[in-house]
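K.L.:
Counting from 1004, one number per residue, gives the positions in the sequence shown under our numbering. Got a structure here, written out as structure tokens. Questions coming.
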Amino acid sequence: MSELQTLKCYMNQLPATILKLLNIEPPHGTIPEAVQQILDLYQGIERISINLIDNFGLFEITYLKPQFMITNSEVMLLLSTKNPYTLGVLHQLIYGGFEIEPNGFHLLKALNSGGKTSCFIGRKKDIERYDGGTNSIPKDTDMGTWVESAKAINTHELSWMHYLDFENLHKQQQRLKQRTPEDLIEKLINRTDKWILSNYKQLRSNSLMIIIGDHGRVKLDLEYSGKIAQWREASVPIAILIRK
1004 MSELQTLKCY MNQLPATILK LLNIEPPHGT IPEAVQQILD LYQGIERISI NLIDNFGLFE
1064 ITYLKPQFMI TNSEVMLLLS TKNPYTLGVL HQLIYGGFEI EPNGFHLLKA LNSGGKTSCF
1124 IGRKKDIERY DGGTNSIPKD TDMGTWVESA KAINTHELSW MHYLDFENLH KQQQRLKQRT
1184 PEDLIEKLIN RTDKWILSNY KQLRSNSLMI IIGDHGRVKL DLEYSGKIAQ WREASVPIAI
1244 LIRK
């Protein structure tokens, strides 16, 4: 990761950045400004594929080193936010902040109004809350989301996949007293890394893959100790950018 360019920005700058990358002008004064360094680096993008991964951030990519992401990442954004958890992150990405549709803004609707197609693949509850009536496909499992992603990534200017198996699997394993949450996070991140590699191979040229990590649906008490525990406590959400 020595050559990886790292930038700091606010989570709620991502909606304007996504719009501008796809040549749509964000509403002036309604949402925070785009990240100019990203616009400069990624010109000529025709489509964006977002992979939102729960329980993934600066700590996990540094400590677990998922192979595809580590090897291919070009830029990593450290995302500053008051709410790094799943619903807070979804809210900021869709609405550009913590209000609901500030001055009518909704990322997916703005894309569609600008003549771009989108597809949001994830959990039914989240889709009902956040898709704003735009094109979406509910899936119960990450495997279902990944299978569906193969049809979406080259069909739409914005495809958005949400990987969130941890929540249900963690509940099951707590009941059965099986694998620790730390082991489960590692297994799921390495599995999702392989799936994202598969998507990357399928993507057409002039595509941008954005992998966003959040802190999961709820705060977890994990069993890391010493410096590793401190390291994880200081972790922040991230966005990794990879051009095809």
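We put the CB at the ideal spot given by N, CA and C, even for glycine. None of these values were measured; they are calculated from a predicted model.
#1: So who's on the other strand from residue 1242, going by DSSP bridges?
#2: Is the beta carbon of residue 1253 less than 9 Å from the beta carbon of residue 1193?
#3: Starting from residue 1164, trace the alpha helix (DSSP H) both ways and give me its first and last residue.
#4: Any beta-carbon of chain C closer than 9 Å to the one on residue 1127?
#5: Starting from residue 1252, trace the alpha helix (DSSP H) both ways and give me its first and last residue.
#6: Return the first residue and the last residue of the alpha helix (DSSP H) that residue 1194 is part of.
#7: Mind checking which residues open and close the alpha helix (DSSP H) that includes residue 1020?
#8: Report all residues from its chain with a CB closer than 7 Å to the CB of residue 1104; omit the five preceding and five following residues, and keep chain order.
#9: Counting C-beta neighbours from all protein chains within 10 Å, is the total for residue 1197 16 or more, i.e. buried, or is it exposed?
#10: Under a Cβ-count criterion, where at least 16 other Cβ atoms within 10 Å of its own Cβ denotes burial, should residue 1208 be classed as buried or exposed?
#11: For a test of the three-state rule: what should DSSP assign to residue 1154, helix, strand or coil?
#12: Identify which residue in 1101, 1055, 1030, 1017 has its Cα closest to the Cα of residue 1216.
#13: Check residue 1097 in the structure and name its three-state DSSP category.
P.N.:
Answer, in terms of the structure:
#1: 1080, 1215
#2: A query on residue 1253 cannot be resolved here, the shown segment of the chain reaching from 1004 to 1247 and no further.
#3: Segment 1161-1166 is the beta strand (DSSP E) holding residue 1164; no alpha helix (DSSP H) there.
#4: In the structure shown, chain C does not exist; there is a single protein chain.
#5: In the structure as shown, the chain starts at 1004 and stops at 1247, and residue 1252 therefore has no counterpart that could be examined.
#6: 1184-1205
#7: 1017-1024
#8: 1098
#9: exposed
#10: exposed
#11: helix
#12: 1055
#13: helix
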